[in-house]
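**Q** Structure incoming, see below.
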Ligand code: DAT
Ligand code: MG
């Protein structure tokens with residue numbers, strides 16, 4: 086089966102707070118498969134491309150300044166239902182409304198510093214994976230675990 090992929094990024098606040106391994110481990114333990122990862126400081130222009138859907142929002146400029154303010158860990162995760170379930174692992178946009186047990190619910194406090202990004206649907210997932218990664222940066226492999234996990 087053609088496996089679903091999503092784009093996940095640990096934003097500069099998550100990186101600076103030492104939450105890289107905590108965040109990766111939540112996706113890894115769930116059973117999703119990491120197929121691309123790198124650490125980059127995006128330019129403001131790049132951040133504007135990433136968040137282009139939000140360009141009319143009042144917080145757009147501050148959001149793009151923030152995303153480009155430091156290192157971001159960019160990843161692609163693969164697995165059955167990973168786009169939608171990845172959003173569940175992440176929790177609601179505003180950490181005040183994210184449930185405990187979610188990444189934002191457990192680890193973040195305010196909406197402008199919510200530590201992680203995840204694609205919100207199949208179209209944006211494709212778009213974001215293509216924006217952040219070249220095709221050759223995505224690794225195809227079989228993990229020992231995936232047959233046991235069930236995909
Ligand atoms: P999400 O990141 O959950 O997909 P989004 O796409 O609506 O949320 O917004 C992108 C980011 O913009 C979000 O992670 C944090 C910031 N943001 C959203 N709403 C905001 C608001 N009302 N004030 C400040 N920042 C906001
Ligand atoms: Mg979004």
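Numbering (the UniProt record's numbering), first residue to last: 86 to 236. C-beta atoms are modelled at their ideal positions from N, C-alpha and C, and glycine is treated no differently. Owing to the predicted nature of the structure, the values given are computational and were not obtained by experimental measurement.
(1) Looking at residue 88 and residue 208, is the spacing between their C-beta atoms short of 8 angstroms?
(2) Identify, in the order they occur along the chain, each residue of the same chain with its Cβ nearer than 6 angstroms to the Cβ of residue 187, setting aside the five sequence neighbours on each side.
(3) Could you tell me whether the Cβ atoms of residue 92 and residue 217 are closer together than 8 angstroms?
(4) Where do the N-terminal and C-terminal ends of the alpha helix (DSSP H) with residue 210 fall, by residue?
(5) Would a C-beta distance cut-off of 8 angstroms place residue 197 and residue 155 closer than the cut-off?
(6) Can you give the Cα-Cα distance for residue 114 and residue 225, rounded to whole angstroms?
(7) So is residue 120 buried or exposed if we call it buried at 16+ other beta carbons inside 10 Å?
(8) So does residue 197 have its beta carbon nearer than 7 angstroms to some heavy atom of the ligand DAT?
(9) Once the 5 residues before and after residue 223 are set aside, which same chain residues still bring their CB inside 7 angstroms of it?
(10) By Cβ distance, which residues of its chain are closer than 8 angstroms to residue 141, with the 5 residues on each side in sequence left out?
(11) Using DSSP with H/G/I as helix, E/B as strand and the rest coil, what is residue 184?
**A** Looking at the atomic coordinates:
(1) Taking the first residue of the chain shown as 1, we reach residue 208 at position 123. Taking the first residue of the chain shown as 1, we reach residue 88 at position 3. For residue 208 and residue 88, no; Cβs fall outside 8 angstroms.
(2) In the chain shown, residue 187 corresponds to position 102, counting from 1. Closer than 6 angstroms at the Cβ level, and outside the excluded window around residue 187, lie 176.
(3) Here residue 92 is taken as the residue at index 7 of the chain shown, counted from 1. Here residue 217 is taken as the residue at index 132 of the chain shown, counted from 1. Contact flag set, yes.
(4) Taking the chain shown and counting its residues from 1, one reaches residue 210 at position 125. Segment 207-217, the alpha helix (DSSP H) holding residue 210.
(5) In the chain shown, the residue the question calls residue 197 occupies position 112. In the chain shown, the residue the question calls residue 155 occupies position 70. No, they are not a contact pair.
(6) In the chain shown, residue 114 corresponds to position 29, counting from 1. In the chain shown, residue 225 corresponds to position 140, counting from 1. Straight-line Cα distance between these residues: approximately 19 angstroms.
(7) To locate residue 120, count along the chain shown from 1; it is residue 35. With 16 or more other Cβ atoms within 10 Å, it is buried.
(8) Mapped onto the chain shown, residue 197 falls at position 112. Flag set: Cβ of residue 197 near the ligand DAT.
(9) Against the chain shown, residue 223 aligns to sequence position 138. Here the set comprises 120, 121, 161.
(10) Your numbering for residue 141 matches position 56 in the chain shown. So the list is empty, once near-sequence residues are dropped.
(11) Counting from one through the chain shown, the residue named residue 184 turns up at place 99. Coil.
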